[in-house]
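These notes concern the structure reproduced below.
Number of protein chains: 2
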Amino acid sequence: MASTEDTIAVRISKELADRIISGAIEPGSRLRQDHVAEEFNTSHVPVREAFRRLEAQGLAISEPRRGVRVASFDLGEVREVAEMRAALEVLALRHAAPHLTASILDQAEEATKAGDKSRDVRSWEEANRTFHRLILAPCNMPRLLSTIDDLHAASARFLFAAWRSEWETRTDQDHRAILSALRQGNTESAAATLGRHVQWIGQKPVKTASGKTRDAFAIVG
Amino acid sequence: MASTEDTIAVRISKELADRIISGAIEPGSRLRQDHVAEEFNTSHVPVREAFRRLEAQGLAISEPRRGVRVASFDLGEVREVAEMRAALEVLALRHAAPHLTASILDQAEEATKAGDKSRDVRSWEEANRTFHRLILAPCNMPRLLSTIDDLHAASARFLFAAWRSEWETRTDQDHRAILSALRQGNTESAAATLGRHVQWIGQKPVKTASGKTRDAFAIVG
DNA sequence: AGTTCGAAAATTATCTATAATTCGAATCCA
DNA sequence: TGGATTCGAATTATAGATAATTTTCGAACT
Numbered sequence: 615m616a617s618t619e620d621t622i623a624v625r626i627s628k629e630l631a632d633r634i635i636s637g638a639i640e641p642g643s644r645l646r647q648d649h650v651a652e653e654f655n656t657s658h659v660p661v662r663e664a665f666r667r668l669e670a671q672g673l674a675i676s677e678p679r680r681g682v683r684v685a686s687f688d689l690g691e692v693r694e695v696a697e698m699r700a701a702l703e704v705l706a707l708r709h710a711a712p713h714l715t716a717s718i719l720d721q722a723e724e725a726t727k728a729g730d731k732s733r734d735v736r737s738w739e740e741a742n743r744t745f746h747r748l749i750l751a752p753c754n755m756p757r758l759l760s761t762i763d764d765l766h767a768a769s770a771r772f773l774f775a776a777w778r779s780e781w782e783t784r785t786d787q788d789h790r791a792i793l794s795a796l797r798q799g800n801t802e803s804a805a806a807t808l809g810r811h812v813q814w815i816g817q818k819p820v821k822t823a824s825g826k827t828r829d830a831f832a833i834v835g
Numbered sequence: 615m616a617s618t619e620d621t622i623a624v625r626i627s628k629e630l631a632d633r634i635i636s637g638a639i640e641p642g643s644r645l646r647q648d649h650v651a652e653e654f655n656t657s658h659v660p661v662r663e664a665f666r667r668l669e670a671q672g673l674a675i676s677e678p679r680r681g682v683r684v685a686s687f688d689l690g691e692v693r694e695v696a697e698m699r700a701a702l703e704v705l706a707l708r709h710a711a712p713h714l715t716a717s718i719l720d721q722a723e724e725a726t727k728a729g730d731k732s733r734d735v736r737s738w739e740e741a742n743r744t745f746h747r748l749i750l751a752p753c754n755m756p757r758l759l760s761t762i763d764d765l766h767a768a769s770a771r772f773l774f775a776a777w778r779s780e781w782e783t784r785t786d787q788d789h790r791a792i793l794s795a796l797r798q799g800n801t802e803s804a805a806a807t808l809g810r811h812v813q814w815i816g817q818k819p820v821k822t823a824s825g826k827t828r829d830a831f832a833i834v835g
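Heads up: the protein sequence lines correspond to chains A and B, in order. Residues in the first sequence are numbered from 615 upward in steps of one, following this note's numbering. Residues in the second sequence are numbered from 615 upward in steps of one, following this note's numbering.
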């Protein structure tokens, strides 16, 4: 584990980010620094730094002297993230394409198969993120990649909020089409498919706490 | 002034960001928290929080237990920021276009004129940023806009590094073409011009500290 | 009786001051 | 000259003090 490498603030921010993404902490609920500090057996200063990180990732919002709450989201933000991902991932793929090797594409295919076999949201999300990371990383644009990472975190949050428990396995044709186009050197076709792919927003009725059912939305690509 | 509204950490981060962008602090130089704390008459804790903010904006990089330095940049990063801006500003404009009013376009034209009249880099940059903000803000996508803001900060940094003192006035045809297309309701044409516009990278020989001359690059749109 | 306004108390964030690690550099000895 | 050790400087973490906000409780008024 890299826990000893990281500073305490980083460790706390990673743990909190994981909880927010997984839905363990509800949107809108307050993050109390003293409570967090107590839980992690530290003082409140590293906790504050962790909050600043979460804020930058868009996972929390802080109002001066009024504390920090975990960010809430609506359908509008789901669409926003989807469109940003489309624009940026297409850009990344165009630059990555020339540097893609057969080995990388094979690994990406493995990730796709792993996603198809997934029986729960969590493992599907991980496989999906692996696929996207694999084909985009060779673009060699660190700033772009880190922005895309933050967007993927947001996507995962939407996804877990909607598909909390149930998940039906499905075969991802888009991933296969993208890989096939890349293998043939047809970058534009791959980019176009990718652009459509990440904007595919799934819809699903979920039961709210009050017993009613409403529609939940999430990016499924 | 909003200084009393903001927390000390925010005030420090804004001031430091301004210095980094303007080039007052050189890339690669260290930011020492005790020195900064002393200058702003505070302790080091709010300074640390300010550093986290700068880190998130890509203006500083922090290595655990080794302190934080002003981020350096090269031609590759200039290109990277230019392409990210192109992708995201085009996206923003497509969504903003339906909500643009004649009043907004008039203000944007004023900003363009102000830019053309500017006799120094700093005021040109401000006018240019105002133009872009005006036509993009109505897209109503907060996350997208804040990402674009960070990219504009990076652009300004490249610009000031290259055009430290000299600046020749020039009339911005692209801005006028964009406005004209928008007035005619031709969103696609405006978007296409904008996409090309922000990828226009200027080149200029500058004298380094050692007396040699090298080429400097910056986004001029 | 219910509601609204106000003040006091408790909770919470923010900042200051102090202590403990850790990394780098200079010095000393072989 | 080269390596190891000690010293120094700076980051990281802790604890305590301060300021602001929210909440609660009570009284007065509708």
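Quick reminder that beta carbons are idealized off the backbone N, C-alpha and C, glycines included. Quick caveat, the model's predicted, so the values are computed rather than measured.
- Ile635 (chain A) is not a Cβ neighbour of Arg784 (chain A), given a cutoff of 8 Å.
- For Glu677 (chain B), the enclosing beta strand (DSSP E) begins and ends at Ala674 to Glu677.
- The alpha carbon of Val834 (chain A) has as its nearest neighbour, out of A:Lys628, A:Leu630 and A:Asp730, the alpha carbon of A:Asp730.
- Out of B:Asn800, B:Thr807 and B:Ala832, the CA that lies nearest to the CA of Ile815 (chain B) is found in B:Ala832.
- Burial is judged here by how many other beta carbons sit within 10 angstroms of a residue's own beta carbon; Pro712 (chain B) has fewer than 16 and is exposed.
- Per DSSP, Val684 (chain B) is one residue of the beta strand (DSSP E) stretching across Gly681 to Val684.
- Contacts between Val659 (chain A) and chain B, judged by CB atoms closer than 7 Å, involve Val659 in chain order.
- Taking 8 Å as the threshold, the shortest C-beta distance from Arg747 (chain B) to chain A does not fall below it.
- By the neighbour-count criterion, in which 16 or more other beta carbons inside 10 Å mark a residue as buried, Thr827 (chain B) falls on the exposed side.
- Glu619, Asp620, Thr621, Ala623 and Val624: these are the residues of the region 618-650 of chain B whose beta carbon lies less than 9 Å from some beta carbon of chain A, given in chain order.
- At the C-beta level, Trp781 (chain B) and Asp734 (chain B) come within 8 Å of one another.
- Contact check for Lys727 (chain B) against Ala776 (chain B) fails: the beta carbons are separated by 8 Å or more.
- The beta carbon of Asp788 (chain A) lies closer than 7 Å to those of Thr807, His811 and Gly835 in the same chain, with the five residues before and after it left out.
- Arg644 (chain B) sits in a strand when the DSSP states are folded into three classes.
- With respect to Glu723 (chain A), Leu793 (chain A) sits close: the two C-beta atoms are nearer than 8 Å.
- In this chain, the beta strand (DSSP E) harbouring Gln817 (chain A) covers Ile815 to Lys821.
- Using beta-carbon distances, Leu707 (chain B) does not count as an interface residue toward chain A, since no partner is under 8 Å.
- Taking a Cβ-Cβ cut-off of 9 Å, the neighbours of Pro678 (chain A) in chain B comprise Glu619, Asp620, Thr621 and Val624, given in sequence order.
- When secondary structure is reduced to three states using DSSP, Arg828 (chain B) falls in the strand class.
- Inter-residue distance for Ile639 (chain A) and Leu645 (chain A) is about 9 Å (C-alpha atoms, whole angstroms).
- Just so you know, the alpha carbons of Glu652 (chain A) and Pro641 (chain B) end up roughly 38 Å apart.
- Glu677 (chain A) is positioned such that its CB atom lies no closer than 8 Å to that of Arg757 (chain B).
- In this structure, A:Asp763 is the residue among A:Asp763, A:Leu668, A:Leu705 and A:Thr801 with its C-alpha nearest to the C-alpha of Asn742 (chain A).
- Residues of the same chain with a CB within less than 8 Å of the CB of Val695 (chain B), apart from the 5 flanking positions on each side, are Leu765, Ala768, Ser769, Phe772 and Ile833 in chain order.
- Contacts with chain A at 8 Å (Cβ-Cβ) do not include Glu802 (chain B).
- Setting aside the 5 residues that flank it on each side, Gly672 (chain A) is surrounded in the same chain by Ala685, Asp764 and Ala768, each with a C-beta closer than 7 Å to its C-beta; the list follows chain order.
- Of the candidates B:Leu714, B:Arg680, B:Trp738 and B:Arg708, the residue whose Cα lies closest to the Cα of Arg778 (chain B) is B:Trp738.
- Residues of chain A whose Cβ lies closer than 8 Å to the Cβ of Gly672 (chain B) are, in chain order, Arg757.
- Within the same chain, and ignoring the five residues on either side of Leu714 (chain B) in sequence, the residues whose Cβ sits closer than 7 Å to its Cβ are Ile749, Pro752 and Leu796.
- The Cβ-Cβ distance between Thr801 (chain B) and Thr761 (chain A) does not fall below 8 Å.
- By DSSP's assignment, Ile833 (chain B) forms a beta bridge with B:Ile815.
- Per DSSP, the unbroken alpha helix (DSSP H) holding Gly729 (chain A) starts and ends at Ala716 to Lys731.
- Neighbours of Leu702 (chain B) across chain A, judged by C-beta separation under 8 Å: Met698, Ala701 and Leu702.
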